[in-house]
Amino acid sequence: MALRLVAVTACPTGIAHTYMAAEKLMQAAEAAGHVIKVETQGSIGAENVLSEDDVRRADGVIVAADKDVDLGRFAGKRVLVVGVAEGIRHPERLIAQVVSAPVRAPTEGAAPPASAGAPLPGGRRAAGRAYRATYKALMNGVSYMIPFVVTGGLLIAVSLALGGRTTAQGIVIDSGFWRSVHAIGEVGFTLMIPVLAGYIAYAIGDRAALVPGMVGGWIANDGRLYGSEAGAGFIGAIVAGFLAGWLVRWIRRLKVPAFVRPVMPVIVIPVVSTLALGLFFIHVIGRPIAWVFTQLTGWLGGLTGTSAALLGAVLGLMIAFDMGGPVNKTAFLFGAGLVSGNPAVMGMCAAAIPVPPLGQGLATVLRRPLFDEQERETGLAALFMGFFGITEGAIPFAAARPARVIPANMAGGAVAGAVAGLAGVTDHVPHGGPVVAVLGAVGGVPMFFVAVAVGMVVTAVTTVSLMAVGGGAGGAVSGAAASGAAPVAASAPASASAPGPAPAASPLVLSGCLTEATVLPELAARTKEEAVRELAALLAESGRVRDAGALVTAVLEREEAGTTGLGEEVAVPHARSSAVVEPVVGFARSTAGVEWGAVDGARARLIFLIAVPEADESADELHLRLLAALARKLLDAGFRGRLLAAPDVGAVMRVLAEVR
13 MALRLVAVTA CPTGIAHTYM AAEKLMQAAE AAGHVIKVET QGSIGAENVL SEDDVRRADG
73 VIVAADKDVD LGRFAGKRVL VVGVAEGIRH PERLIAQVVS APVRAPTEGA APPASAGAPL
133 PGGRRAAGRA YRATYKALMN GVSYMIPFVV TGGLLIAVSL ALGGRTTAQG IVIDSGFWRS
193 VHAIGEVGFT LMIPVLAGYI AYAIGDRAAL VPGMVGGWIA NDGRLYGSEA GAGFIGAIVA
253 GFLAGWLVRW IRRLKVPAFV RPVMPVIVIP VVSTLALGLF FIHVIGRPIA WVFTQLTGWL
313 GGLTGTSAAL LGAVLGLMIA FDMGGPVNKT AFLFGAGLVS GNPAVMGMCA AAIPVPPLGQ
373 GLATVLRRPL FDEQERETGL AALFMGFFGI TEGAIPFAAA RPARVIPANM AGGAVAGAVA
433 GLAGVTDHVP HGGPVVAVLG AVGGVPMFFV AVAVGMVVTA VTTVSLMAVG GGAGGAVSGA
493 AASGAAPVAA SAPASASAPG PAPAASPLVL SGCLTEATVL PELAARTKEE AVRELAALLA
553 ESGRVRDAGA LVTAVLEREE AGTTGLGEEV AVPHARSSAV VEPVVGFARS TAGVEWGAVD
613 GARARLIFLI AVPEADESAD ELHLRLLAAL ARKLLDAGFR GRLLAAPDVG AVMRVLAEVR
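Now the structure itself:
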């Protein structure tokens, strides 16, 4: 019997998988004699949107997505939710399964990313998917937290700058107006930690996880609930967010009576998970945190007789470690308690306090291609917050890349504290950052600024070095790519560099972005990184890329967010970078194939590299259109066969001219 089906495909980091899954589902439905309409939710927006009539008449709904899709419109329909990779690999199976899929209840909302918490098979590929799902959940929390960090931090900084004065108790604000501005900023700062935890949980467990995530994040940050003066800070909030998300997903799997199901998402799950997580944090996790706080305070008290440089380095390490958490607060309160008797200790703390935000802000300036647009904007705000001694300005960077950013922060903080200790810098108020020197609370001002500057540079250089070696957000770039130098391409067959037909006779391929100069008939590389470097060098020779190394970094960072191996022996790596002068596409073939982590496990033999300028909106739109056009055309086995069989560059160009 012919079925009438509807589907939604979506992937979070691009559109290639979105369109490949859509095409696969349409082909499978047509082959089985069914009718299907597929809505694609790519980076260029929703296309072929399902109407109310489409949904009303449908016999079933397939959602193949790795990001949130609102399922409220499908209430009362059989809905099968899977990852986008399943839409590419097993479309026939999905069409067969949808007729027995569960009926969506009216109270159920958006579907969480199918890859975020679904059981995964064993092996390295499963581990990779689990890592990407964890990273996406973390970045979801960070992206929602950033506006709170920036807004709260800047309001606090402005109120201190325009309404503050130094006293023995710290910077005091006399004006009622500026006290109100400061209080509003503190509200934003207080909310940032619960928001981080809440939206990590939301990415894993959907709306029902938002409440336990936020409440858990608040409890993590408020140490008074478990006898700690400092709380667990942003690290505790990250733990709370993941625990909340996983707990909600586990509760959802429990079998409950039919009459309870309608109230599960809105009452039972939020209440039970919030209570369980809150009690667990207060009585199980909180007690060790309070114990650590007590032990650290006692340990620091025993260091006061050691050399000033050693004490300064220890205090700097602690302040930069968790930026407002128990370790940071221990060091700060230790220094603040000695302000009247030994202001040199607070001087060491004051020099280390601004280093994390200043260092991370400087890093975004030094190596812009390593950071996305939102991070660069946050970096500017971090520089401003660092001047006013707001260490928390670096939290978004540390939350996104803890393994790289936290060690870099600690290195800079230790250096700043040690220099301040050696120089005998003093601070007579319990506050830090350049602002206290400007307001006259610091003794030894020149060396104070030297300590801050050296620490800031150490943090920035360490950050960009670790990110470059690790490929930005977590990739792997080395050698020339890490240093920014253009790598040397391996030797290609003579036909790759031989002059082809005159440009006037060449077909216009991919809107003119691909030319004979950017085609490599046989790739020498055997690994993904080598392939990207080889293609980047080719694009640099065309004159459309000014820095091949920076492009390699951007491409491999994009790969860490999710593989661009589309299956069917095809890979389409792509990136936006300031190193690109104008949109350009490179193409290479590999006889042996390159392992690209494709959803079907096939090695990539046809590889396209798409690169567009970072700040050009029209180029970004072209980038997405090229991805969509290639994804659709490359599903045609005949097209792929002709491309593999093309004897020379001219023949390759004629085949690729079919892409529209």
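For the sequence shown, the numbering used here gives the first residue as 13, with consecutive numbering after it.
Every residue, glycine too, gets a C-beta built ideally from N, C-alpha and C.
Q) Which runs of the alpha helix (DSSP H) fall wholly inside the stretch 406-479 and span at least 4 residues, in chain order? A) 407-412, 414-435, 446-450
Q. In terms of DSSP beta bridges, what is Gly-176 paired with?
A. Ile-185
Q: Look up Ile-74 in the DSSP assignment and give the residues it is bridged to.
A: Ala-19, Leu-92
(Q) Taking the beta carbon of Asp-82 as the centre, do at least 16 other beta carbons fall within 10 Å, making it buried, or is it exposed? (A) exposed
Q: Write down the C-beta distance between Ala-562 and Glu-546 rounded to the nearest angstrom, noting that I regard them as a contact closer than 8 Å.
A: At roughly 16 Å, the Cβ-Cβ gap does not stay under 8 Å, so Ala-562 and Glu-546 are not in contact.
(Q) Please classify Thr-30 as buried or exposed, where buried requires at least 16 neighbouring CB atoms within 10 angstroms. (A) With a threshold of 16 other beta carbon atoms within 10 Å, Thr-30 meets it and is buried.
Q. Under three-state DSSP, which class holds Glu-387?
A. helix
Q) How many angstroms separate the CA atom of Gly-609 from the CA atom of Thr-539? A) Roughly 11 Å between the two C-alpha positions.
**Q.** Inter-residue spacing [alpha-carbon to alpha-carbon] between Ser-503 and Gly-99
**A.** Reliability fails at Ser-503, whose pLDDT of 32 lies under 50, so the model's placement of it is uncertain and no value is given.
(Q) I'd like the list of long-range same chain contacts for Ala-641, defined as Cβ closer than 8 Å, with 5 residues on each side in sequence excluded. (A) Leu-522, Val-671, Arg-672
**Q.** C-alpha gap between Ile-231 and His-443, whole angstroms
**A.** 25 Å
Q: Return the CA-CA distance between Gly-425 and Ile-185, expressed in angstroms with no decimal places.
A: Computed Cα separation, rounded: 28 Å.
Q. Are the Cβ atoms of Pro-381 and Ala-591 separated by less than 8 Å?
A. yes
Q: Please list, in chain order, all residues of the same chain as Ser-3 whose beta carbon is under 8 Å from its beta carbon, the five residues on each side excluded.
A: The question about residue 3 has no answer here: the residues shown for the chain are numbered 13 through 672.
Q) Just checking, does the stretch 430-441 make contact with the stretch 323-335 on the three C-beta pairs under 8 Å criterion? A) yes
Q) Roughly how many whole angstroms lie between the Cα atoms of Gly-235 and Leu-345? A) 14 Å
Q | Per-residue DSSP class, three states only, for Ala-560 | A | helix
Q.
On the DSSP bridge list, what partners appear for Ala-587?
A. Ala-623
Q: Measure from the alpha carbon of Leu-15 to the alpha carbon of each residue in Asp-78, Ser-112, His-102, then state which is nearest.
A: Ser-112
Q) Between the Cα of Asn-340 and the Cα atoms of Leu-350, Pro-625, Pro-355, Pro-368, which residue gives the shortest distance? A) Pro-368
(Q) Are the CB atoms of Lys-89 and Ala-70 within a distance shorter than 8 Å? (A) yes
**Q.** Nearest-angstrom Cα separation, counted from Ile-281 out to Lys-267
**A.** 13 Å
Q.
DSSP three-state label for Val-592, please.
A. strand
Q. Does the beta-carbon of Phe-189 have 16 or more other beta-carbons within 10 angstroms, so that it is buried, or is it exposed?
A. exposed
Q | Proximity below 8 Å, CB of Phe-396 to CB of Ala-149 | A | Not in contact: Phe-396 and Ala-149 (Cβ atoms no closer than 8 Å).
Q: Quick one: residues in its chain with C-beta nearer than 8 Å to the C-beta of Tyr-211, no 5 flanking neighbours on either side, listed in chain order?
A: Asn-152, Gly-153, Ser-155, Tyr-156, Met-157, Leu-222, Gly-225, Gly-253
Q | Thr-342 (DSSP reduced to helix, strand or coil) | A | Annotated three-state conformation of Thr-342 is helix, per DSSP.
Q: Flag this pair as yes or no: are the beta carbons of Ala-246 and Ala-411 separated by less than 8 Å?
A: Per the sequence shown, the amino acid found at residue 246 is Phe instead of Ala. Closer than 8 Å, so yes.
Q: With a floor of 4 residues, list each alpha helix (DSSP H) that falls wholly inside the stretch 189-274, ordered by position along the chain.
A: 222-233, 245-265
Q | Residue from Arg-68, Lys-79, Ala-249 whose Cα sits closest to the Cα of Phe-86 | A | Arg-68
(Q) Taking only three categories from DSSP, how would you classify Asp-660? (A) coil
Q. Between which two residues does the beta strand (DSSP E) carrying Leu-578 extend?
A. 577-579
Q.
Cutting at 8 Å between CB atoms, please list the residues of its own chain near Val-555, excluding the five before and the five after it.
A. In the sequence on display, residue 555 carries Gly and not Val. Here the set comprises Val-593.
Q: Please state whether DSSP places Ser-602 in a helix, a strand or coil.
A: strand
Q.
For Ala-498 and Arg-617, I'd like the C-alpha separation in whole angstroms.
A. Interpretation of Ala-498 is limited by its pLDDT of 32, a score under 50 that renders its predicted location unreliable; the figure taken from the coordinates is listed afterwards. C-alpha separation (whole angstroms): 24 Å.
Q. Under a three-way DSSP split, which group does Ala-58 fall into?
A. strand
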